[in-house]
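2 protein chains.
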Amino acid sequence: MSEYTDRQQDGTTVGIVKKQFFTFAQPPDRLDLESGASLGPVSLAYETCGTLNGDKSNVILILHALTGDSHVAGYYSQQDAKPGWWEIMVGPGKGIDTDRYFVICSNIIGSCCGSTGPSSTDPDTGRPYGTNFPLITISDMVKAQKALMDHLEIDSLLSVIGGSVGGMQVLEWCTRYPEMVKSAVPLATTTRHSALAIAFNEVARQSIMADPNWEGGHYYGGHKPDMGLAIARMIGHITYLSDESMRTKFGRRLQNRSELSFEFGAEFEVESYLQYQGNKFIERFDANSFLYVTKAADYFDLAEQHGGGSLVNAFSRCKAKFLVASYTSDWLYPTYQSKEMVKAMKKNDLDVSFCEIDAQWGHDAFLLPDSRLENLLRGFLKGVYYDG
Amino acid sequence: MSEYTDRQQDGTTVGIVKKQFFTFAQPPDRLDLESGASLGPVSLAYETCGTLNGDKSNVILILHALTGDSHVAGYYSQQDAKPGWWEIMVGPGKGIDTDRYFVICSNIIGSCCGSTGPSSTDPDTGRPYGTNFPLITISDMVKAQKALMDHLEIDSLLSVIGGSVGGMQVLEWCTRYPEMVKSAVPLATTTRHSALAIAFNEVARQSIMADPNWEGGHYYGGHKPDMGLAIARMIGHITYLSDESMRTKFGRRLQNRSELSFEFGAEFEVESYLQYQGNKFIERFDANSFLYVTKAADYFDLAEQHGGGSLVNAFSRCKAKFLVASYTSDWLYPTYQSKEMVKAMKKNDLDVSFCEIDAQWGHDAFLLPDSRLENLLRGFLKGVYYDG
Numbered sequence: 028m029s030e031y032t033d034r035q036q037d038g039t040t041v042g043i044v045k046k047q048f049f050t051f052a053q054p055p056d057r058l059d060l061e062s063g064a065s066l067g068p069v070s071l072a073y074e075t076c077g078t079l080n081g082d083k084s085n086v087i088l089i090l091h092a093l094t095g096d097s098h099v100a101g102y103y104s105q106q107d108a109k110p111g112w113w114e115i116m117v118g119p120g121k122g123i124d125t126d127r128y129f130v131i132c133s134n135i136i137g138s139c140c141g142s143t144g145p146s147s148t149d150p151d152t153g154r155p156y157g158t159n160f161p162l163i164t165i166s167d168m169v170k171a172q173k174a175l176m177d178h179l180e181i182d183s184l185l186s187v188i189g190g191s192v193g194g195m196q197v198l199e200w201c202t203r204y205p206e207m208v209k210s211a212v213p214l215a216t217t218t219r220h221s222a223l224a225i226a227f228n229e230v231a232r233q234s235i236m237a238d239p240n241w242e243g244g245h246y247y248g249g250h251k252p253d254m255g256l257a258i259a260r261m262i263g264h265i266t267y268l269s270d271e272s273m274r275t276k277f278g279r280r281l282q283n284r285s286e287l288s289f290e291f292g293a294e295f296e297v298e299s300y301l302q303y304q305g306n307k308f309i310e311r312f313d314a315n316s317f318l319y320v321t322k323a324a325d326y327f328d329l330a331e332q333h334g335g336g337s338l339v340n341a342f343s344r345c346k347a348k349f350l351v352a353s354y355t356s357d358w359l360y361p362t363y364q365s366k367e368m369v370k371a372m373k374k375n376d377l378d379v380s381f382c383e384i385d386a387q388w389g390h391d392a393f394l395l396p397d398s399r400l401e402n403l404l405r406g407f408l409k410g411v412y413y414d415g
Numbered sequence: 028m029s030e031y032t033d034r035q036q037d038g039t040t041v042g043i044v045k046k047q048f049f050t051f052a053q054p055p056d057r058l059d060l061e062s063g064a065s066l067g068p069v070s071l072a073y074e075t076c077g078t079l080n081g082d083k084s085n086v087i088l089i090l091h092a093l094t095g096d097s098h099v100a101g102y103y104s105q106q107d108a109k110p111g112w113w114e115i116m117v118g119p120g121k122g123i124d125t126d127r128y129f130v131i132c133s134n135i136i137g138s139c140c141g142s143t144g145p146s147s148t149d150p151d152t153g154r155p156y157g158t159n160f161p162l163i164t165i166s167d168m169v170k171a172q173k174a175l176m177d178h179l180e181i182d183s184l185l186s187v188i189g190g191s192v193g194g195m196q197v198l199e200w201c202t203r204y205p206e207m208v209k210s211a212v213p214l215a216t217t218t219r220h221s222a223l224a225i226a227f228n229e230v231a232r233q234s235i236m237a238d239p240n241w242e243g244g245h246y247y248g249g250h251k252p253d254m255g256l257a258i259a260r261m262i263g264h265i266t267y268l269s270d271e272s273m274r275t276k277f278g279r280r281l282q283n284r285s286e287l288s289f290e291f292g293a294e295f296e297v298e299s300y301l302q303y304q305g306n307k308f309i310e311r312f313d314a315n316s317f318l319y320v321t322k323a324a325d326y327f328d329l330a331e332q333h334g335g336g337s338l339v340n341a342f343s344r345c346k347a348k349f350l351v352a353s354y355t356s357d358w359l360y361p362t363y364q365s366k367e368m369v370k371a372m373k374k375n376d377l378d379v380s381f382c383e384i385d386a387q388w389g390h391d392a393f394l395l396p397d398s399r400l401e402n403l404l405r406g407f408l409k410g411v412y413y414d415g
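Quick note, the sequences are listed as chains A and B, same order.
If you read the first sequence in the working numbering, its first letter stands for residue 28, the second for the next number, and so on.
If you read the second sequence in the working numbering, its first letter stands for residue 28, the second for the next number, and so on.
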């Protein structure tokens, strides 16, 4: 707690934030989805940090990754021990400076952290949707976010920023609503999943669906498919790290012992770390949401969906100034994938800065403290804000 | 069948082979294991190809990988459609030329393809061991193989050759029985698993143990933990491929359709491929064996077990001439791990050839047709055979 109070006092956190909700039902009372199905009413949980300026020219929309939420920075209460997921980057004087910018972050649809998803109540039955929830896409998530912007009467975004699946939403924003987006920062992301990324997601999904508690997705009110979800998370978690970071962090160290046990069960530190991550995850995330959001990520294919198969075409309507960043040790969305998007942007004469950050931490590096990314973001945002 | 007959006729296969068994019970009727436990009696399934020469100087011991077996080459019968697992490399005139060498391959203990493992009958209870089977190590596997060599009255090996977990056995042979091993070929292997490799194995094991049919390992006679084992195999299978090979082989192609289905289930080709691999695997492999053999691989640490923590020390008693090969796209046992072992061998003034083969197929590349590896092996073996 003293650590939290200190942070409050020294003014480096946005302090207390509040989760808000916006519920919409577009005519005819539904959100039309890419699949052809429709969904409604739709609720979005969102949070804001900083102050909207008079001409509404300082809005930054932050898009969260697979299992993130709207709680991007600050604390819900004085008693709250844990800040938002990008506290290191969002706050007074930080890379995304809330003394200067008005930050919005909303939970994606399909998720389970306040926005409508498979664990929400299906108005047709009065029970949770479960797998009656329609398949959604990155595009559907972004269309819902657009409705939130309309509700907040924001028609221009200084920047859209996000890593991983959040970066996919960034790319979707730029191509779907090009007039609205002044600048964009896709971090550690891709314009489409490789077969490798799809493969890992599919095995993780299989693991959930193989759990007998999954019950075809209608497990609410009963036992949850915790074992399957924990294994799915462990698989995912490995892909967020790197050979080097795991070597540095764990190596072959044993957990609480000096010799091999010659028994099954967590014995190497890396094993108990993964089990801990799996068990922590099941407390905060819904198994069906994991299925829906990973599927949306697998479906995302910017070239197919916006360019008739051509990535160059997909970016042809964009007007945003871009900052693209990848990490050397990210093997889930390797740098070559960022380079492909940068190349396609440049062929459209877009203003693009690209940086491959040398870091050993793998895909998750964008979530870790790193002054290089912070400085890159700070400089980029100043440029687009003051030049604007 | 015509394909098979052709191969028989043109003399490029060793033809019909027979699985043989050797059962031993060392005094006092047990095999002493590295864990301190003991096991007995122990049966080993083995096969041979080629002809043992007069002075027994042409023996090549091939060590199989995680889920392999003794059936290294040839066919069990005229009706047999599928040859042994390394048919491409082992046969008349091939890289490992059975016109010249006498090849032996035995199933490792802990496995389920004829040698004693968790699905074997525990003589104390008359029922399958299940998880009463003791934890075994690479060293225990090799000690059992040594008993087979004694039984066959072979006291010198022209070469020991193996990839992956087979390569670990190669390294163990060279350090445990240095006087017996004239040359050695560790392929696509490592002297110890990285945290990344342990992590994947542990998640695969968790997947099996989370299957309610696993029943603490005592599932024989009832439903098998097929779902868990299939997922474990899928996880493993991804690590045997590479980003590039999966991109080439599958990309984002859809299975039997031109548009997204917006349903869960295998839809991308890579998804149905993995499910096929998982389902094929459960027909031939035992879930407990998967647990035991992956654990043995995780435990393997040549420096710790033979060098007091030093890899240089571990190789100090070796006398073998080495051919070490790694693959550029193998991210499970990356080239830097082979280079570490080569460096330690050279510090002992051992005769080492090292080759990093440029191939996109990932870890499994050593099992695929490749004239480069075949030529390397042919040349290396000729050198040690005729110079000897």
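Each residue gets a CB set at the ideal place from its N, CA and C atoms; glycine is no exception.
Checklist entry - TYR326 of chain B touches chain A at which residues, Cβ-Cβ below 7 Å? => result Those are LEU287, listed as they occur along chain A.
Item to check | Backbone CA spacing between VAL44 of chain B and HIS333 of chain B [nearest angstrom] | outcome: 36 Å
Checklist entry - Under the DSSP definition of a beta bridge, which residues are partnered with ARG219 of chain B? => result As DSSP reads the structure, ARG219 of chain B sits in a beta bridge with B:ASP328.
Checklist entry - In chain A, what lies closer than 7 Å to VAL297 of chain B by C-beta? => result ALA222, ILE225, ALA226
Checklist entry - Taking C-beta to C-beta, are PRO155 of chain A and SER147 of chain A nearer than 8 Å? => result Cβ distance < 8 Å, so PRO155 of chain A and SER147 of chain A count as in contact.
Checklist entry - With DSSP run on the structure shown, which of helix, strand or coil describes GLY406 of chain A? => result Correct three-state label for GLY406 of chain A: helix.
Next on the checklist: Quick check: THR216 of chain A and TYR103 of chain A, are their CB atoms within less than 8 Å of each other?
Outcome noted: no
Checklist entry - Should THR40 of chain B be labelled buried (16 or more other beta-carbon atoms within 10 Å of its own) or exposed? => result Buried, by the Cβ-count rule.
Item to check | Neighbour-count burial assignment, ASN402 of chain A, 16 or more Cβ in a 10 Å radius | outcome: exposed
Next on the checklist: If you reduce the DSSP assignment to three classes, tell me which class PRO13 of chain A lands in.
Outcome noted: Lying outside 28 to 415, the shown extent of chain A, residue 13 of chain A is not represented and no answer is given.
Item to check | SER62 of chain B at chain A interface by Cβ criterion, 8 Å | outcome: yes
Checklist entry - For LYS251 of chain B and chain A, any beta-carbon pair shorter than 8 Å? => result LYS251 of chain B has a beta carbon lying at 8 Å or more from every beta carbon in chain A.
Item to check | Within chain B, the residues that ARG154 of chain A reaches when beta carbons sit closer than 9 Å | outcome: The premise fails here: ARG154 of chain A is roughly 19 Å from chain B at the closest Cβ pair, so nothing lies under 9 Å.
Checklist entry - Hey, does THR32 of chain B have any beta-carbon neighbour from chain A nearer than 8 Å? => result Annotation note: pLDDT 48 at THR32 of chain B (below 50); position unreliable, no value reported.
Item to check | Neighbourhood of ILE422 of chain B by C-beta, 7 Å cutoff - its chain only, sequence neighbours within 5 removed | outcome: Missing from the structure shown is residue 422 of chain B; chain B here goes from 28 to 415 and no further.
Next on the checklist: Just list the residues that DSSP pairs LYS348 of chain A with in beta bridges.
Outcome noted: A:SER210
Next on the checklist: Let me confirm a value: ASP385 of chain A is counted as buried when at least 16 other C-beta atoms fall within 10 Å, else exposed. Which label applies?
Outcome noted: Label assigned to ASP385 of chain A: exposed.
Checklist entry - Which chain A residues sit within Cβ distance under 8 Å of LYS322 of chain B? => result PHE291
Checklist entry - Can you list the residues of chain A that VAL169 of chain B reaches, using a CB-CB cut of under 9 Å? => result Simply none; closest approach about 17 Å.
Item to check | Listed by chain order, chain A residues near GLU425 of chain B by CB distance under 7 Å | outcome: Not covered by the structure: residue 425 of chain B. The range shown for chain B is 28 to 415.
Next on the checklist: 8 Å is my cut-off, CB to CB: does ILE87 of chain B come that close to chain C?
Outcome noted: Protein chains in the displayed structure are A and B, and chain C is not among them.
Checklist entry - Closest by CA to VAL86 of chain A, which one among A:ASP151, A:PHE49, A:ALA341, A:SER210? => result A:SER210
Next on the checklist: Below 8 Å on the Cβ atoms is my contact criterion, and I expect LEU175 of chain A with ALA226 of chain B to pass it. Report the Cβ-Cβ distance as a whole number of Å.
Outcome noted: The pair is not a contact, with the Cβ atoms about 38 Å apart (cut-off 8 Å).
Item to check | Beta-carbon proximity check, GLU383 of chain A vs SER356 of chain A, cutoff 8 Å | outcome: no
Item to check | Cα-Cα separation, LEU281 of chain B to GLN304 of chain B | outcome: 17 Å
Checklist entry - Skipping 5 residues on each side, what residues in its chain have a beta carbon closer than 8 Å to that of PHE295 of chain B? => result PHE277, ARG279, ARG280, LEU281, GLN282
Checklist entry - For MET195 of chain B, is the beta carbon positioned less than 7 Å from some heavy atom of the ligand NAP? => result Among the components of this structure there are no ligands whatsoever, and the ligand NAP is therefore not found.
Checklist entry - Are ALA341 of chain B and ALA330 of chain B close, meaning C-beta to C-beta below 8 Å? => result yes
Checklist entry - Any beta-carbon of chain B closer than 8 Å to the one on GLY278 of chain A? => result yes
Checklist entry - Which partner residues does GLY118 of chain B have in the DSSP bridge list? => result B:ASP124
Item to check | Other residues of its chain near ALA392 of chain B: CB distance less than 6 Å, five sequence neighbours each side excluded | outcome: A distance below 6 Å between beta-carbons, with the five flanking residues on each side excluded, links ALA392 of chain B to the following residues of its chain, in chain order: TYR354, ALA386.
Item to check | Cβ neighbour criterion (16 or more within 10 Å) applied to PRO150 of chain A | outcome: exposed
Next on the checklist: Within 8 Å, do at least three Cβ pairs link the stretch 253 to 273 of chain B to the stretch 311 to 328 of chain A?
Outcome noted: These segments do not touch.
Checklist entry - With distances taken from CA atoms, which of A:ARG203, A:THR75, A:ASP253, A:GLY249 is nearest LYS307 of chain A? => result A:ASP253
Checklist entry - Cα separation between SER29 of chain B and MET236 of chain B? => result Low confidence applies to SER29 of chain B: its pLDDT is 43, below 50, so where it sits in the model is not reliable, and the reading given next is rough at best. Cα to Cα, the separation comes out at about 43 Å.
Item to check | Assumed close pair SER380 of chain B, LEU408 of chain B - CB separation to whole angstroms, cut-off 8 Å | outcome: That belief does not hold up - the Cβ atoms of SER380 of chain B and LEU408 of chain B are roughly 12 Å apart, past 8 Å.
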